[in-house]
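Student:
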Amino acid sequence: MLATFPESIRKALAIPAHNATGTIQDVKHVVILMQENRSFDHFFGTLRGVRGFADRFTIPLPQNRTVWQQDDGQGNFVMPFRLDQTLGNAQRFSPKGEHSWIDARDAWDMGRMAAWVKSKKPLSMAYFGRQELAFQFALAEAFTICDAYFCSLHGGTNTNRLFHMTGTNGPSGDGPNATRKSIVNNFWDTINEVDNGTVGYDWTTYPERLQQAGVSWMVYQNMPDNFYDNALVGFKPYRKANVDSGRPVSNAFTYRSPPYDPSLDARFPLYKGIANTMPDGGFLTKFREDILNNQLPQVSWLAAPEAYCEHPTSSSPIQGAWYTQQVLDALTANPEVWSKTVLIVNFDENDGYFDHMPPPCPPSRVNGVLSGKTTLPESALSPDYYTHPSYYTAATPGEPMPEWTQPDGDCYGPGPRVPMYVISPWSRGGWVNSQVFDHTSVLRFLEARFGVRETQISDYRRAVFGDLTSAFNFATPNDSLPSLNVSLTKAGADQLRLAQEAMNPITAPSRPSMPFQAQVQCPSRALPYELHTSARVDPSARTVRLIFANSGTAAAVFHVYDQQNLEAVPRRYMVEAGKQLEDTWPATGNHGLYDLWILGPNGYHRSFSGQTSLSQSNDAARPEIQVCYDVVKGDVYLHLSNDSKTRCTITAVPDAVYGGVTQRAQLGDQCNFAELHWDLQANGCWYDVTVTSSHDPLWRRRFAGRVETGKDAVTDPAM
Numbered sequence: 008m009l010a011t012f013p014e015s016i017r018k019a020l021a022i023p024a025h026n027a028t029g030t031i032q033d034v035k036h037v038v039i040l041m042q043e044n045r046s047f048d049h050f051f052g053t054l055r056g057v058r059g060f061a062d063r064f065t066i067p068l069p070q071n072r073t074v075w076q077q078d079d080g081q082g083n084f085v086m087p088f089r090l091d092q093t094l095g096n097a098q099r100f101s102p103k104g105e106h107s108w109i110d111a112r113d114a115w116d117m118g119r120m121a122a123w124v125k126s127k128k129p130l131s132m133a134y135f136g137r138q139e140l141a142f143q144f145a146l147a148e149a150f151t152i153c154d155a156y157f158c159s160l161h162g163g164t165n166t167n168r169l170f171h172m173t174g175t176n177g178p179s180g181d182g183p184n185a186t187r188k189s190i191v192n193n194f195w196d197t198i199n200e201v202d203n204g205t206v207g208y209d210w211t212t213y214p215e216r217l218q219q220a221g222v223s224w225m226v227y228q229n230m231p232d233n234f235y236d237n238a239l240v241g242f243k244p245y246r247k248a249n250v251d252s253g254r255p256v257s258n259a260f261t262y263r264s265p266p267y268d269p270s271l272d273a274r275f276p277l278y279k280g281i282a283n284t285m286p287d288g289g290f291l292t293k294f295r296e297d298i299l300n301n302q303l304p305q306v307s308w309l310a311a312p313e314a315y316c317e318h319p320t321s322s323s324p325i326q327g328a329w330y331t332q333q334v335l336d337a338l339t340a341n342p343e344v345w346s347k348t349v350l351i352v353n354f355d356e357n358d359g360y361f362d363h364m365p366p367p368c369p370p371s372r373v374n375g376v377l378s379g380k381t382t383l384p385e386s387a388l389s390p391d392y393y394t395h396p397s398y399y400t401a402a403t404p405g406e407p408m409p410e411w412t413q414p415d416g417d418c419y420g421p422g423p424r425v426p427m428y429v430i431s432p433w434s435r436g437g438w439v440n441s442q443v444f445d446h447t448s449v450l451r452f453l454e455a456r457f458g459v460r461e462t463q464i465s466d467y468r469r470a471v472f473g474d475l476t477s478a479f480n481f482a483t484p485n486d487s488l489p490s491l492n493v494s495l496t497k498a499g500a501d502q503l504r505l506a507q508e509a510m511n512p513i514t515a516p517s518r519p520s521m522p523f524q525a526q527v528q529c530p531s532r533a534l535p536y537e538l539h540t541s542a543r544v545d546p547s548a549r550t551v552r553l554i555f556a557n558s559g560t561a562a563a564v565f566h567v568y569d570q571q572n573l574e575a576v577p578r579r580y581m582v583e584a585g586k587q588l589e590d591t592w593p594a595t596g597n598h599g600l601y602d603l604w605i606l607g608p609n610g611y612h613r614s615f616s617g618q619t620s621l622s623q624s625n626d627a628a629r630p631e632i633q634v635c636y637d638v639v640k641g642d643v644y645l646h647l648s649n650d651s652k653t654r655c656t657i658t659a660v661p662d663a664v665y666g667g668v669t670q671r672a673q674l675g676d677q678c679n680f681a682e683l684h685w686d687l688q689a690n691g692c693w694y695d696v697t698v699t700s701s702h703d704p705l706w707r708r709r710f711a712g713r714v715e716t717g718k719d720a721v722t723d724p725a726m
């Protein structure tokens, strides 16, 4: 497999890291290329090692369906299906559905995620394989792929790019004239000859903070052909700088797009944020020159031309791959620059494409009440809920306001997972990083390196989403070098696009089946999670209480699905490091049945089921379990207890993939406590144990996840 890497990746792998201090300070340049409109499952559901189609712990749906079986509204199930470019037009395939605020929220459905096809279209379930994404797979397998990176908002391009460049979509804006409004759909994403700085967004952008701190920066783009992918054009200071420069550019009209004049930077430092800095059509000439002349800024943002941005309707994966290759070739043309550079390639939103993982959103509001809890005070959650008036203004007086401008009180996001590569001399080796990130994580990484804080990132996002530093090894970077060949050409990429357009369209199969994902382990970065969930049954009240605790170093979101009532909105619990929460559920029916299904980061899973009726008598057995970790060795322990003298036999069966033997313990009489232990050294510290009891045939507990030791490990061997 290593022998198939493209030449551009070979060059990048061959250049050793600048390792003067062994810290993040060795990074001198950060280059950010945000591409267009792909979900993670759509691109990488079959990539080995990531949480894709082989994920065993997913959202349960009614009628014993899994999240992979989406109802089309007519009683038919639609499942993920392959876009095979040998059989039809895969490279130019589009789901042909909406991908804006209303339909995106409907598909997410407050975390139930059972209405994806009904809210989008059956084509939303399409995915690519390795053949269609040869370069993208090679990038992931040569460097680092993040499989828990979420877009920031349930919506489209501009709003997600606002988070990417400012940390907010408006409500937490802290500019001198910020109005605490918000925006949830594309708006003010173009400039034209009448924009003079009197209209536009009024909060502070991160480039402004870099400018004030003396950190050099640049937006490399072609105006007007940047596919509206520069969110800075919506902000008043940039619009004013555009006019004041005397050389205004526009990406709404082609009447004027003069090349950027660097001499203007002294008087109009923000002008380079929206100027025509790559007048060669966006094909990186100025970017290459700055690299070769050792003039690459400390922070650079790239906007690809429309045909190479990977958008489903305007571009193609092969053309996006070629453009990414050109960026990598430009950086590695000067080995000294590349040895000090981090290249981040991410995607703004998922378009109409399906992804199966529930976004770690704050609790939804149902009839004004939060469905779940967080350890933050509710006042700190204000920036994360759509309760703010919209920035949208009608073009014509009296024009009706669109539905999406009406606040509904639920959370803005995050939205579905999108692809994210971390490409650098410090992230080589085909790593999978499963820490939870979103677009604000890129700003957090810039904070960590340059010390310029983005104050508009909400408390919730700052707690839940990491800063990307876990994706790197600055102290001892991997210096492995495989043998590589093959490369892409512009002519070849363009030709494949045209050839694909001439082929018949691909449709969803009439007999759906689950895709195949290779069961191969990959190296996996250490994560900051140490999470706990335990249950307490109250027979007299016919309730189940769950206790969520976090002894790790980063916040996490627990998603709880009540399998006795899957139509209900799932509850979400965000628990900060060192804190805990608890909540109760009513048991149902004459027997007091309960069945709670919990999902967390990196395959963390707990389930609790049983019936309270068998525990109501004074002489009934009442066993319960607490999971504990040996964070030095990576082992797992089950602490068993029985709040009764009535005997019961506990049987704990580990999943065969992980190894280990079935263990039993008797509780009751004079022995109400026991401990079971599994050594996890042989399987990368992964565990999956199902526990039953002789006192109740429906009593069942399941515990799965990975014990974090602070050391790098491997991806889930059972996935």
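Position 413 of the sequence shown, counting from 1, maps to 420 under this note's numbering, and the rest follow consecutively.
From the three backbone atoms N, C-alpha and C, an ideal C-beta is built for every residue, glycine too.
Model, not experiment: these values are computed from the prediction.
Are Ser700 and Ile657 closer than 9 angstroms when you measure CB to CB?
Tutor: Here the question's residue 700 lines up with position 693 in the sequence shown. Here the question's residue 657 lines up with position 650 in the sequence shown. A contact, by the Cβ cut-off of 9 angstroms.
Student: How should Asn176 be labelled, buried or exposed, when 16 other C-beta atoms within 10 angstroms of its C-beta is the threshold for buried?
Tutor: Against the sequence shown, residue 176 aligns to sequence position 169. Counting Cβ neighbours within 10 Å, Asn176 comes out buried, since at least 16 surround it.
Student: In chain order, what residues of the same chain lie with their CB nearer than 6 angstroms to the CB of Glu14, ignoring the 5 residues before and after it?
Tutor: One-based indexing of the sequence shown puts residue 14 at position 7. Closer than 6 angstroms at the Cβ level, and outside the excluded window around Glu14, lie Ser494.
Student: Classify Ser520 as buried or exposed, calling it buried when 16 or more other Cβ atoms lie within 10 Å of its own Cβ.
Tutor: Here residue 520 refers to the residue found at position 513 when the sequence shown is read from its first residue. Under this definition Ser520 is an exposed residue.
Student: Would you mind giving the Cβ-Cβ distance between Gly437 and Glu148, rounded to the nearest angstrom? I have them listed as a contact below 8 angstroms.
Tutor: As a position in the sequence shown, residue 437 is number 430, starting the count at 1. As a position in the sequence shown, residue 148 is number 141, starting the count at 1. The Cβ separation is near 5 angstroms, so the contact holds.
Student: Between the stretch 346-362 and the stretch 98-109, can you find at least three pairs of beta-carbon atoms closer than 8 angstroms?
Tutor: With a cut-off of 8 angstroms, the stretch 346-362 and the stretch 98-109 count as touching, because enough Cβ pairs lie within range.
Student: Does the beta-carbon of Leu488 have 16 or more other beta-carbons within 10 angstroms, so that it is buried, or is it exposed?
Tutor: Along the sequence shown, read from residue 1 onward, the residue named residue 488 stands at position 481. Legend: pLDDT at Leu488 = 49, less than 50; position of this residue unreliable, no value from coordinates given.
Student: Once DSSP output is grouped into helix, strand and coil, what is the label at Gly221?
Tutor: Working through the sequence shown from its first residue, we reach residue 221 at position 214. Gly221: coil per DSSP, three-state reduction.
Student: Look at the alpha carbon of Asn301 and the alpha carbon of Lys18, and state the distance between them as a whole number of angstroms.
Tutor: Locating residue 301 in the sequence shown gives position 294, where the first residue counts as 1. Locating residue 18 in the sequence shown gives position 11, where the first residue counts as 1. Cα to Cα, the separation comes out at about 18 angstroms.
Student: So, is Leu338 buried or exposed, given that buried needs 16 or more other C-beta atoms within 10 angstroms?
Tutor: What you label residue 338 is simply residue 331 of the sequence shown in a count that begins at 1. Buried: at least 16 other Cβ atoms inside 10 Å.
Student: So who's on the other strand from Leu377, going by DSSP bridges?
Tutor: For this step, residue 377 is matched to residue 370 along the sequence shown. Arg372, per the DSSP bridge assignment.
Student: Can you have a look at Thr28 and say buried or exposed, based on whether 16 or more other CB atoms are within 10 angstroms of its CB?
Tutor: Position 21 of the sequence shown, counting from 1, holds the residue named residue 28. That one is exposed.
Student: What runs of the beta strand (DSSP E), each 3 residues or longer, lie entirely inside the stretch 308-387?
Tutor: As far as the stretch 308-387 is concerned, its whole beta strand (DSSP E) runs of at least 3 residues are 348-354 and 379-381.
Student: Where does Leu491 sit, in a helix, a strand or coil, going by DSSP?
Tutor: For the purposes of this step, residue 491 is taken as the residue at position 484 of the sequence shown. The pLDDT assigned to Leu491 is 39, lower than 50, so where the model puts this residue is not dependable, and the model offers no usable value.
Student: In the DSSP output, which residue or residues are listed as bridge partners for Ser700?
Tutor: On the sequence shown, position 693 is the one that residue 700 refers to. Paired residues: Ile657 and Asp703.
Student: Would you say Val471 and Ala563 are within 9 angstroms of each other, going by their C-beta atoms?
Tutor: Translated into positions along the sequence shown, residue 471 becomes position 464. Translated into positions along the sequence shown, residue 563 becomes position 556. Yes.
Student: Could you give the DSSP three-state label for Thr462: helix, strand or coil?
Tutor: Looking up residue 462 in the sequence shown gives position 455. Coil.
Student: State the Cα-Cα distance for the pair Gly712 and Asn609, rounded to the nearest angstrom.
Tutor: As a working note, residue 712 is residue 705 in the sequence shown. As a working note, residue 609 is residue 602 in the sequence shown. Straight-line Cα distance between these residues: approximately 7 angstroms.
Student: Determine the direct distance from the alpha carbon of His684 to that of Val698, and round the result to whole angstroms.
Tutor: For the purposes of this step, residue 698 is taken as the residue at position 691 of the sequence shown. For the purposes of this step, residue 684 is taken as the residue at position 677 of the sequence shown. In a straight line, the C-alpha of Val698 is about 13 angstroms away from that of His684.
Student: Since Gly162 and Gln524 should fall inside the 8 angstroms C-beta cutoff, what is the C-beta to C-beta distance between them, to a whole number of angstroms?
Tutor: For the purposes of this step, residue 162 is taken as the residue at position 155 of the sequence shown. For the purposes of this step, residue 524 is taken as the residue at position 517 of the sequence shown. Gly162 to Gln524, Cβ: 29 angstroms. No contact.
Student: Among Ala238, Ala145, Pro414 and Asp48, whose alpha-carbon lies nearest the alpha-carbon of Asp154?
Tutor: Working through the sequence shown from its first residue, we reach residue 154 at position 147. Ranking the options by Cα distance to Asp154, first place goes to Asp48.
Student: If you check the beta carbons only, do Thr186 and Thr211 fall under 9 angstroms apart?
Tutor: One-based indexing of the sequence shown puts residue 186 at position 179. One-based indexing of the sequence shown puts residue 211 at position 204. No, the pair does not count as a contact, with Cβ atoms beyond the cut-off.
Student: Hey, how far is the Cα of Val222 from the Cα of Ala310?
Tutor: Start at 1 with the first residue of the sequence shown, and residue 222 comes out as number 215. Start at 1 with the first residue of the sequence shown, and residue 310 comes out as number 303. Computed Cα separation, rounded: 20 angstroms.
Student: Below 9 angstroms between beta carbons: does that hold for His646 and Glu682?
Tutor: Residue mapping note: residue 646 aligns to position 639 of the sequence shown, counting from 1. Residue mapping note: residue 682 aligns to position 675 of the sequence shown, counting from 1. Yes, Cβ-Cβ distance for His646 and Glu682 is below 9 angstroms.
Student: So Asp445 and Tyr419 are in contact, right, with Cβ under 8 angstroms, and what is the actual spacing, rounded?
Tutor: Along the sequence shown, read from residue 1 onward, the residue named residue 445 stands at position 438. Along the sequence shown, read from residue 1 onward, the residue named residue 419 stands at position 412. With a Cβ gap of about 11 angstroms, Asp445 and Tyr419 do not count as contacting.
Student: Which stretch, first to last residue, makes up the beta strand (DSSP E) that contains Met172?
Tutor: In the sequence shown, the residue the question calls residue 172 occupies position 165. Taken as a continuous stretch (DSSP letters only), Met172 belongs to no beta strand (DSSP E), being part of the alpha helix (DSSP H) at Thr164 to Thr173.
Student: Would a C-beta distance cut-off of 9 angstroms place Thr151 and Asn511 closer than the cut-off?
Tutor: As a first step, residue 151 is located in the sequence shown; it is residue number 144 there, counting from the start. As a first step, residue 511 is located in the sequence shown; it is residue number 504 there, counting from the start. Going by C-beta atoms, Thr151 is not nearer than 9 angstroms to Asn511.
Student: Could you tell me the alpha carbon to alpha carbon distance between Ser547 and Thr382, rounded to whole angstroms?
Tutor: As a working mapping, residue 547 is identified with position 540 in the sequence shown. As a working mapping, residue 382 is identified with position 375 in the sequence shown. Roughly 29 angstroms separates the two Cα atoms.
Student: Which class does Thr476 belong to by DSSP, given the choice of helix, strand or coil?
Tutor: Counted from its first residue, the sequence shown places residue 476 at position 469. Three-state result, Thr476: helix.
Student: Report the option in Gln333, Asn283, Thr595 and Gly327 whose CA atom is closest to the CA atom of Ile298.
Tutor: Numbered from 1 along the sequence shown, position 291 holds the residue referred to as residue 298. Here the closest residue by C-alpha is Gln333.
Student: Specify the secondary structure class of Trp411 as computed by DSSP and reduced to three states.
Tutor: By 1-based counting over the sequence shown, the position of residue 411 is 404. Of the three classes helix, strand and coil, the one that applies to Trp411 here is helix, per DSSP.
Student: So, helix, strand or coil for Phe275, using DSSP?
Tutor: Sequence index remark: in the sequence shown, residue 275 carries index 268 (1-based). Coil at Phe275, not helix or strand.
Student: Buried or exposed: Glu508, going by 16 or more other Cβ atoms within 10 Å of its Cβ?
Tutor: Here residue 508 refers to the residue found at position 501 of the sequence shown. Under this definition Glu508 is an exposed residue.
Student: Below 8 angstroms, how does it come out for the stretch 91-100 and the stretch 37-53: are there three or more Cβ pairs, yes or no?
Tutor: At 8 angstroms Cβ cutoff, the stretches do not touch.
Student: Run the CB neighbour count on Glu313, radius 10 Å, all protein chains shown included, and call it buried at 16 or more, exposed below.
Tutor: Counting from one through the sequence shown, the residue named residue 313 turns up at place 306. Its Cβ being crowded by 16 or more others within 10 Å, Glu313 is buried.
Student: Do you know whose CA, among Arg709, Pro724, Ser517 and Ser541, lies nearest Leu130's CA?
Tutor: As a first step, residue 130 is located in the sequence shown; it is residue number 123 there, counting from the start. Checked all of Arg709, Pro724, Ser517 and Ser541; the closest Cα to Leu130 is Ser517.
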